[in-house]
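Okay, so here's the structure we're looking at.
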Amino acid sequence: MASPTVLLVDANEDSRLIYAAALRHHGLDVVAHECCEAAVECARVQPPDIIVLALTYATGPGWTALRTLKEDPATASIPILGVSTTGLPEHRDRALAMGCAAFLVKPVPPLQLLAVARDFLEGAHAAVA
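Position one of the sequence shown corresponds to residue 3 (the numbering used here), numbered consecutively onward.
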């Protein structure tokens with residue numbers, strides 16, 4: 003059986019490297035992208051099992067990618083874990099309302115990200131904020 007695939011989308015190279023290494027170390031396949039547009043196309047062509055998506059600023063490209071992924075029937079059912087540098091309640095509420103399965107605030111310890119991802123991969127689908 004193939005390992006679950008995580009699409010990791012974050013413009014911050016350090017975050018991508020740290021999270022990708024931790025997820026791979028624990029047996030997940032990781033496809034990492036810096037660019038949201040490329041990640042959306044990747045998800046359409048080869049849908050991952052879960053997406054970890056950086057949501058930066060109030061109008062950053064992550065928010066556009068989130069909307070695009072949730073509006074596209076080919077990707078709408080993929081759980082998305084929104085990761086943000088801000089813990090503002092309005093950002094959390096917006097992310098969950100737009101379809102994020104969970105909203106995590108950086109710095110997210112890699113093992114916490116792994117645990118939340120595994121919960122969704124194993125079918126525990128309660129929203130996490």
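Think of the CB as a built atom: it goes at the ideal place given N, C-alpha and C, for glycine as much as any other residue.
_Here's a check: name, in chain order, each residue in its chain whose Cβ is nearer than 6 angstroms to the Cβ of Ala13, leaving out the five neighbours to either side._
Counted from its first residue, the sequence shown places residue 13 at position 11. Excluding sequence neighbours, Ala13 sits near Glu36.
*N- and C-terminal bounds of the alpha helix (DSSP H) containing Asp1*: Residue 1 falls outside the range modelled here, since the chain spans only 3 to 131, and no answer is possible.
*Count the other CB atoms within 10 Å of the CB of Leu113; is the residue buried (16 or more) or exposed (fewer)?*
For the purposes of this step, residue 113 is identified with residue 111 of the sequence shown, where counting begins at 1. Its Cβ having fewer than 16 others within 10 Å, Leu113 is exposed.
*Using only alpha-carbon positions, find the residue among Leu30, Gly125, Gly101 that is nearest to Ala74.*
The sequence position of residue 74 within the sequence shown is 72, counting from 1. Here residue 74 turns out to be Asp, not Ala, going by the sequence shown. Minimum Cα distance to Asp74 is reached at Gly101.
*Counted within 10 angstroms of its Cβ, other Cβ atoms place Ser17 as buried (16 or more) or exposed*: Here the question's residue 17 lines up with position 15 in the sequence shown. Label assigned to Ser17: buried.
_Length of the line joining the Cα atoms of Ala56 and Val85_ = Position 54 of the sequence shown, counting from 1, holds the residue named residue 56. Position 83 of the sequence shown, counting from 1, holds the residue named residue 85. Straight-line Cα distance between these residues: approximately 5 angstroms.
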